[in-house]
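A.B. asks: Mind having a look at this structure? Questions to follow.
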Amino acid sequence: MSTKFFTNEEQNTLLKKIEGIFKHKNIHFLDALVGYFRASGYFQIREFVEIAQEIRILVGINIDSLVYQANQQGVLFDGNAEKAQEEFFQEVKKNIQEAEYDKTVEAGMIQLIKDITTGKVKIKIHPKQNIHAKIYIFREKEKHDHGYGSVITGSSNLTDAGLSKNFEFNVELRDNSDIDFATKTFDKLWDEAVSVDMESIEKIQKETYPFANFTPYEVYLKFLIEYFGKSIEFDPNSISDLPRGFKRLSYQVDAVNDGFAKMMKHNGFFLADVVGLGKTVVSTLIAKKYFYTNGFPEHRSRTLIVVPPALKENWSETIDKFNLDNVKIITNGSLHKIKDASRYDLIIVDEAHKFRSDTAGIYNELQKICKTPTRRTLPNGIVVPKRVILVTATP
Numbered sequence: 073m074s075t076k077f078f079t080n081e082e083q084n085t086l087l088k089k090i091e092g093i094f095k096h097k098n099i100h101f102l103d104a105l106v107g108y109f110r111a112s113g114y115f116q117i118r119e120f121v122e123i124a125q126e127i128r129i130l131v132g133i134n135i136d137s138l139v140y141q142a143n144q145q146g147v148l149f150d151g152n153a154e155k156a157q158e159e160f161f162q163e164v165k166k167n168i169q170e171a172e173y174d175k176t177v178e179a180g181m182i183q184l185i186k187d188i189t190t191g192k193v194k195i196k197i198h199p200k201q202n203i204h205a206k207i208y209i210f211r212e213k214e215k216h217d218h219g220y221g222s223v224i225t226g227s228s229n230l231t232d233a234g235l236s237k238n239f240e241f242n243v244e245l246r247d248n249s250d251i252d253f254a255t256k257t258f259d260k261l262w263d264e265a266v267s268v269d270m271e272s273i274e275k276i277q278k279e280t281y282p283f284a285n286f287t288p289y290e291v292y293l294k295f296l297i298e299y300f301g302k303s304i305e306f307d308p309n310s311i312s313d314l315p316r317g318f319k320r321l322s323y324q325v326d327a328v329n330d331g332f333a334k335m336m337k338h339n340g341f342f343l344a345d346v347v348g349l350g351k352t353v354v355s356t357l358i359a360k361k362y363f364y365t366n367g368f369p370e371h372r373s374r375t376l377i378v379v380p381p382a383l384k385e386n387w388s389e390t391i392d393k394f395n396l397d398n399v400k401i402i403t404n405g406s407l408h409k410i411k412d413a414s415r416y417d418l419i420i421v422d423e424a425h426k427f428r429s430d431t432a433g434i435y436n437e438l439q440k441i442c443k444t445p446t447r448r449t450l451p452n453g454i455v456v457p458k459r460v461i462l463v464t465a466t467p
């Protein structure tokens, strides 16, 4: 059944409709009245609207919030142009800052600003009423009686989602009377609207990332922050990461870096050194580094520390001083109390030589804990292996 309606389903999208209109008609004017406008949406249609000589985009702003602010101040909102400009600027800035990075999105932002500055695109904002209507008017340069354009109206905003991804309800009208009525109404709203001035455009260029002149080093730092998150705040080479009363000893720093690398490569390692060289501190620093690199902050690693009863208090004090979270300290004889070994991502065993006999009950209990897979699963379905540090002065 033939219909003028379309819903973005089965390739019958607004984007396809716009492409078809520009393909079969010599469109000179494009007018768009929308409630929301995104640069990514403009970039989607930029290829087709290239032939249009005059493009006008009228955007609604959140008048409700401006009226509320005025009421809070005990004044009547009067459609202040300056406030409308600021509201538009903040909305665009928020859109750019919160958009997921995509090359198409960035290119759309840059192209839109370029087209505005060259005058190809004119944008106005209506300062006195919320614009909920969505209408797209396509007209040839000269009016004639054989269909000189189209009007599309419905629910789609000029956004990437509205053009093709969302379920929308739109209709295309081709009668000259509909085109004339839509154009007349648009012209009236356009005359009432406020132009987006160059000052706002310059602020967008100055305060958003696509237009900023970052140095390669600044981009590198941003990459580290985004990729590693808060884990970059922990640096075993930094004195500031050591509690008061602890000195940064180069051999301990080397042990942390080398031990962590071995643990990540082999899932575990022996930390063997003579008494008094700080194996507890080294183990704690490695555990803290792993806490921040093992999926933090979405995943908060749990560490199980197995110690002889005489060393439990010393370990508790060290863990407390280094602010290591999600730690359980248990004595050798209490391993049977661990009911859910999968909760733990890292196992530290102090005086590991006490578990050398594979016929002892504690050996079997520890082996069962270490071999139980962790709960953490990566997006590709791989279970993150459990890591083990065996600490001893007599290997």
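Start counting the sequence shown at 73; every next residue gets the next number (our numbering). Here a beta-carbon is modelled for each residue, glycine too, at the ideal position from N, C-alpha and C. Since the structure is predicted, the reported quantities are computational estimates derived from the model, not experimental observations.
(1) Our contact map puts Ile209 next to Ala254 with C-beta atoms below 8 Å; I'd like the distance itself, whole angstroms only.
(2) So Glu244 and Ser222 are supposed to be a Cβ contact under 8 Å. How far apart are they, rounded?
(3) Decide if the region 411 to 431 is in contact with the region 359 to 378; the criterion is three or more beta carbon pairs, one per stretch, under 8 Å apart.
(4) List the DSSP bridge partners of Asp422.
(5) So, does the region 333 to 344 touch the region 377 to 395, judging by three or more C-beta pairs under 8 Å?
(6) Please state the DSSP three-state secondary structure of Val223.
(7) Buried or exposed: Phe286, going by 16 or more other Cβ atoms within 10 Å of its Cβ?
(8) Nearest-angstrom Cα distance between Gly433 and His371?
(9) If distances are taken between C-alpha atoms only, which option among Asn242, Arg447, Val121, Cys442 comes closest to Gln183?
(10) Buried or exposed for Ile297, please, with buried defined as at least 16 other CB atoms from any protein chain shown within 10 angstroms of its CB.
(11) Tell me, to the nearest whole angstrom, how far the beta carbon of Val463 is from that of Ala424; I am working on the premise that it is less than 8 Å.
(12) Determine the direct distance from the alpha carbon of Met181 to that of Phe115, and round the result to whole angstroms.
(13) Could you tell me the alpha carbon to alpha carbon distance between Gly113 and Val268, rounded to whole angstroms?
(14) In the structure shown, what three-state DSSP assignment does Asn242 receive?
(15) Less than 7 Å between the C-beta atoms of Val106 and Lys215, yes or no?
(16) How many Å lie between Thr356 and Asp330 at the Cα?
(17) What are the uninterrupted segments assigned as alpha helix (DSSP H) that are 4 or more residues long and contained completely in the region 343 to 413, given in chain order?
(18) Assign Lys76 to one of three DSSP states: helix, strand, or coil.
(19) Take the Cβ of His408 as the centre, count every other Cβ of all protein chains shown within 10 Å, and call the residue buried at 16 or more, exposed below.
(20) Considering only residues of the same chain and omitting the five flanking positions on each side of Ile93, which have a CB-CB separation below 6 Å?
(21) Cutting at 7 Å between CB atoms, please list the residues of its own chain near Tyr108, excluding the five before and the five after it.
(22) Quick one: measure Cβ to Cβ for Phe332 and Lys361, integer angstroms, because I've assumed they're closer than 8 Å.
(23) How should Gln324 be labelled, buried or exposed, when 16 other C-beta atoms within 10 angstroms of its C-beta is the threshold for buried?
(24) From the DSSP output, which residues share a beta bridge with Glu126?
(25) Which first and last residues belong to the beta strand (DSSP E) in which Phe210 is found?
(26) Once you ignore the five residues that flank Ser312 on each side, which residues in its own chain have a CB closer than 8 Å to its CB?
(27) Taking the DSSP output, what are the residues bridged to Val268?
(28) Considering only C-alpha positions, which residue in the set Val455, Leu376, Gly219, Asn386 is nearest to Lys411?
(29) Could you give the distance in angstroms between the alpha-carbon of Thr246 and the alpha-carbon of Thr225?
(30) How is the beta strand (DSSP E) around Lys196 delimited, first residue to last?
(31) Going by other Cβ atoms of all chains shown within 10 Å of its Cβ, with 16 needed for buried, is Leu87 buried or exposed?
(32) Relative to the C-alpha of Asn339, which residue among Thr446, Asn98, Ala465, Phe101 is closest?
C.D. replies: To lay it out plainly:
(1) Contact between Ile209 and Ala254 holds: CB atoms are separated by about 5 Å, below the 8 Å threshold.
(2) Yes, they are in contact, since the Cβ atoms of Glu244 and Ser222 sit about 6 Å apart, within 8 Å.
(3) Between the region 411 to 431 and the region 359 to 378 there are three or more inter-stretch CB-CB distances shorter than 8 Å, so the stretches are counted as touching.
(4) DSSP output for Asp422 lists Val463 as bridge partner(s).
(5) Verdict: no, contact absent.
(6) Secondary structure at Val223: strand, using DSSP grouped into helix, strand and coil.
(7) Using a 10 angstroms sphere on the CB of Phe286, the tally of other CB atoms stays under 16, which defines it as exposed.
(8) Our two residues, Gly433 and His371, have alpha carbons roughly 32 Å apart in a direct line.
(9) Ranking the options by Cα distance to Gln183, first place goes to Val121.
(10) Exposed, since its Cβ has fewer than 16 Cβ neighbours within 10 Å.
(11) Right, the Cβ-Cβ distance comes to about 6 Å (below 8 Å), so this counts as a contact.
(12) Whole-angstrom Cα-Cα distance: 8 Å.
(13) About 19 Å.
(14) Three-state result, Asn242: strand.
(15) If you check the CB distance, Val106 and Lys215 do not come in under 7 Å.
(16) Their Cα atoms are separated by approximately 14 Å.
(17) 351 to 365, 384 to 393, all fully within the region 343 to 413.
(18) Lys76 falls in the coil class under three-state DSSP.
(19) In the assembly as shown, His408 is an exposed residue. Its beta-carbon has fewer than 16 other beta-carbons within 10 Å.
(20) Same-chain partners within the cutoff: Phe210, Ser222.
(21) Asn229, Thr231.
(22) Correct: roughly 6 Å between the Cβ atoms.
(23) Buried, because 16 or more other Cβ atoms sit within 10 Å of the Cβ of Gln324.
(24) Per DSSP, Phe101.
(25) For Phe210, the enclosing beta strand (DSSP E) stretches over residues 207 to 212.
(26) Note that Ser312 has pLDDT 47, beneath the 50 cutoff, so the model's placement of it is unreliable and the number below is only indicative. Excluding five sequence positions before and after Ser312, none of the CB atoms of its chain fall closer than 8 Å to its own CB.
(27) Its beta-bridge partners do not exist; DSSP assigns none.
(28) Shortest Cα-Cα distance from Lys411 to any of Val455, Leu376, Gly219, Asn386 involves Leu376.
(29) Thr is not the amino acid found at residue 246; the sequence shown has Arg there. Arg246 and Thr225: Cα-Cα distance of roughly 11 Å.
(30) Note, Lys196: beta strand (DSSP E), 193 to 198.
(31) Burial check for Leu87: the Cβ neighbour count within 10 Å reaches 16 or more, so the residue is buried.
(32) It is Thr446 whose Cα lies nearest to the Cα of Asn339.
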